[in-house]
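Counting the sequence shown from 1 gives a position; the numbering used here is that position plus 126.
Positions of the beta carbon are idealized from the N, C-alpha and C atoms, including for glycine.
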Amino acid sequence: MTYYNSVLELVGRTPLVRLNHLSKGLKPLILAKMESYNPGGSVKDRIGIAMIDRAERQGELKPGGTVVEATSGNTGIGLALACAIRGYRSVFVMTDKCSQEKVRYLKALGADVIVVPAATKSDSPDHYVNLARRIAAETPNAILTNQYGNPANPEAHYRTTGPEVWEETEGRVTHFVAGMGTGGTISGTGRYLKEMNPAIQVVGADPYGSVFKTYKETGTLHSSTPYLVEGIGQDMIPDNVHLKYVDQIINVTDRDSFNTARRLGREEGIFCGGSTGTNAWAALKLAERLDENGVIVFIVCDTGERYLSKFLSDEWMKEKRLLGEERMTIGLLNELKLQSGKLPLISVSPLTRVDEMLEIMELNGISQLPVIDQGQAVGSIREHRVMSKIVDDRSILEAEVSRIMDDPFPVINEAVEISRVRHSLKDSPAILVEEYGRIIGIITRYDVLDVDARS
Ligand SMILES: Cc1ncc(COP(=O)(O)O)c(C=O)c1O
Numbered sequence: 127m128t129y130y131n132s133v134l135e136l137v138g139r140t141p142l143v144r145l146n147h148l149s150k151g152l153k154p155l156i157l158a159k160m161e162s163y164n165p166g167g168s169v170k171d172r173i174g175i176a177m178i179d180r181a182e183r184q185g186e187l188k189p190g191g192t193v194v195e196a197t198s199g200n201t202g203i204g205l206a207l208a209c210a211i212r213g214y215r216s217v218f219v220m221t222d223k224c225s226q227e228k229v230r231y232l233k234a235l236g237a238d239v240i241v242v243p244a245a246t247k248s249d250s251p252d253h254y255v256n257l258a259r260r261i262a263a264e265t266p267n268a269i270l271t272n273q274y275g276n277p278a279n280p281e282a283h284y285r286t287t288g289p290e291v292w293e294e295t296e297g298r299v300t301h302f303v304a305g306m307g308t309g310g311t312i313s314g315t316g317r318y319l320k321e322m323n324p325a326i327q328v329v330g331a332d333p334y335g336s337v338f339k340t341y342k343e344t345g346t347l348h349s350s351t352p353y354l355v356e357g358i359g360q361d362m363i364p365d366n367v368h369l370k371y372v373d374q375i376i377n378v379t380d381r382d383s384f385n386t387a388r389r390l391g392r393e394e395g396i397f398c399g400g401s402t403g404t405n406a407w408a409a410l411k412l413a414e415r416l417d418e419n420g421v422i423v424f425i426v427c428d429t430g431e432r433y434l435s436k437f438l439s440d441e442w443m444k445e446k447r448l449l450g451e452e453r454m455t456i457g458l459l460n461e462l463k464l465q466s467g468k469l470p471l472i473s474v475s476p477l478t479r480v481d482e483m484l485e486i487m488e489l490n491g492i493s494q495l496p497v498i499d500q501g502q503a504v505g506s507i508r509e510h511r512v513m514s515k516i517v518d519d520r521s522i523l524e525a526e527v528s529r530i531m532d533d534p535f536p537v538i539n540e541a542v543e544i545s546r547v548r549h550s551l552k553d554s555p556a557i558l559v560e561e562y563g564r565i566i567g568i569i570t571r572y573d574v575l576d577v578d579a580r581s
């Protein structure tokens, strides 16, 4: 019989996959190290079990003990897997920048999760790392695994990731590219590869806003600025970042990271997270300067499944103004309106009584209203015009809307870009959004002003 004793035995020995499309026109061989194939779906499975093993060996973690960690999610998943199998309790502190999917994933593995604001600086007691330290100190029989300083973290990569990259490329790797969160991956793998061949270039991929690149190049720490990619970059230098193994650092924007990660899914079938996009973009930049002797390996840090509500959602990307050349369509604006809690489409039928219609308008605080009959726009109401008609003839209050309505608002397909509907909004206070022949929403002049203000 062939079987594994637990999923922990499935950690590591991940495959390399060649890029075929993103690499068009580039000379080097570019290989993705598929850490997303680990049982917990990320590179961090390697250090989860390694840190637990070390704590057990050193007698710090005893039966019934609790493991506490500050994590952007993936280390938590790696640890939670090991804790589930070894019978420990696990508690993770995360920031609200992390996706809901990761929080739910951890809970599904039996962990307790505490979410704190991401905006807290690293010297505050409420920073997620400091809070994790406090919880570990105050909980009986608990340890803080501390991925940022635990030597078992880079050591796991020195022992496993490095040799794998070396063996899988038969020693022909020329460049290794990884992001830096705790620094474990780049420091451990980088050290091993440089020991095997000092000419191998180790390249860090760092989000704009993080401090690593400037620190490496000038030795100074600037204050960090926010960015959206999860899991990499810092506002300080963790102990596990050993920059002596890093030859150069390439800065990458959120836009390039996310769009490259999305392209990896669409064009290579490599379904990955945003930090993988950061690494891949840096690998592609590097490749532009290399010839056919180049063999670049970059890390696929984790699977895209945990980002479906974030950068893998068009709505999220457009809301953050990150989606390539594409522009805002009226359909998307309508969706964003609904998501932000604004009113759905409110309409009346031509048979509604005028006094009831006025009540609906007052109740919802709106001054215009489409008249819709069987899914089709048949007329429109503008409050000031109706009021002047009523002043002339009060009996209108009891009449049907069809008697006093004006021409319908323009009906425009949801795929049309906002820039192309501005002229319609000069003559009409609103336009109706149509999809597959049905009216699905309304866009007013104010909605468009709102978009302009956010662009
Ligand atoms: C999604 C993701 N990518 C990359 C990394 C970076 O790896 P390391 O911490 O080994 O530097 C992390 C680590 O937190 C991560 O969660």
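Check	Outcome
Span of the alpha helix (DSSP H) around M443	440 to 445
Y334, DSSP secondary structure in three states	strand
Any non-hydrogen atom of ligand 1 closer than 7 angstroms to G275 Cβ	no
Top-ranked residue by Cα proximity to G583, from G457, E195, D499, V517	With the chain running from 127 to 581 in the structure shown, residue 583 is simply not present.
Closest Cα partner of G310 within the set P333, T346, V372, H301	V372
Cβ-heavy atom distance, S401 to ligand 1, below 7 angstroms	yes
Sufficient close CB pairs (3 or more, under 8 angstroms) joining the stretch 526 to 538 to the stretch 546 to 565	yes
Nonlocal neighbours in the same chain, by C-beta distance under 6 angstroms from P374, ignoring five residues either side	The question names Pro, but residue 374 is Gln in the sequence shown. The residues are V329.
Bridge-paired residues (DSSP) for H510	According to DSSP, which records beta bridges pairwise, H510 is partnered with nothing at all.
Alpha-carbon spacing of I376 relative to D222, whole angstroms	26 angstroms
Secondary structure of N256, DSSP reduced to three states	helix
Anticipated Cβ contact below 8 angstroms, D573 with K463, distance rounded	6 angstroms
Assigned secondary structure, C398 (DSSP; H/G/I helix, E/B strand, else coil)	strand
Start and end residues, alpha helix (DSSP H) containing Q465	456 to 465
Contact under 8 angstroms by Cβ, R144 with L152	no
I472 burial status per 10 Å Cβ neighbour count (16 or more: buried)	exposed
Three-state class that DSSP yields for L558 in the structure shown	strand
contact_flag[the stretch 305 to 321, the stretch 275 to 285] where n(CB pairs < 8 angstroms) is 3 or more	yes
N377 - DSSP class collapsed to helix/strand/coil	strand
For G305, the three-state DSSP class (helix, strand or coil)	strand
Beta-carbon gap between Y318 and Y284 smaller than 8 angstroms	yes
Cβ-Cβ distance between Y231 and R432 below 8 angstroms	yes
Distance cut-off 7 angstroms: E290 Cβ against heavy atoms of ligand 1	no
T611 - DSSP class collapsed to helix/strand/coil	Given that the chain is displayed from residue 127 to residue 581, the structure contains no residue 611 and the question cannot be resolved.
A268 - containing beta strand (DSSP E), residue span	268 to 270
Any non-hydrogen atom of ligand 1 closer than 7 angstroms to V169 Cβ	yes
P141 to K159 span [Cα, whole Å]	6 angstroms
Buried or exposed by the 16-neighbour rule on C-beta atoms within 10 Å, applied to E161	buried
Which listed residue (E356, I396, E441) has its alpha carbon closest to that of E461	E441
Alpha-carbon to alpha-carbon, T429 and G166	9 angstroms
Environment of A234 [buried if 16+ CB atoms lie within 10 Å]	exposed
Euclidean distance between Cα positions of F424 and A331	10 angstroms
Whole-angstrom distance between A304 and G616, CA atom to CA atom	Residue 616 lies beyond the residue range present for the chain, which begins at 127 and ends at 581; the question has no answer from this structure.
Buried or exposed (CB count within 10 angstroms, at least 16 for buried), M454	buried
Three-state secondary structure assigned by DSSP to A387	helix
Meets three-Cβ-pair contact criterion under 8 angstroms: the stretch 127 to 137 and the stretch 206 to 214	yes
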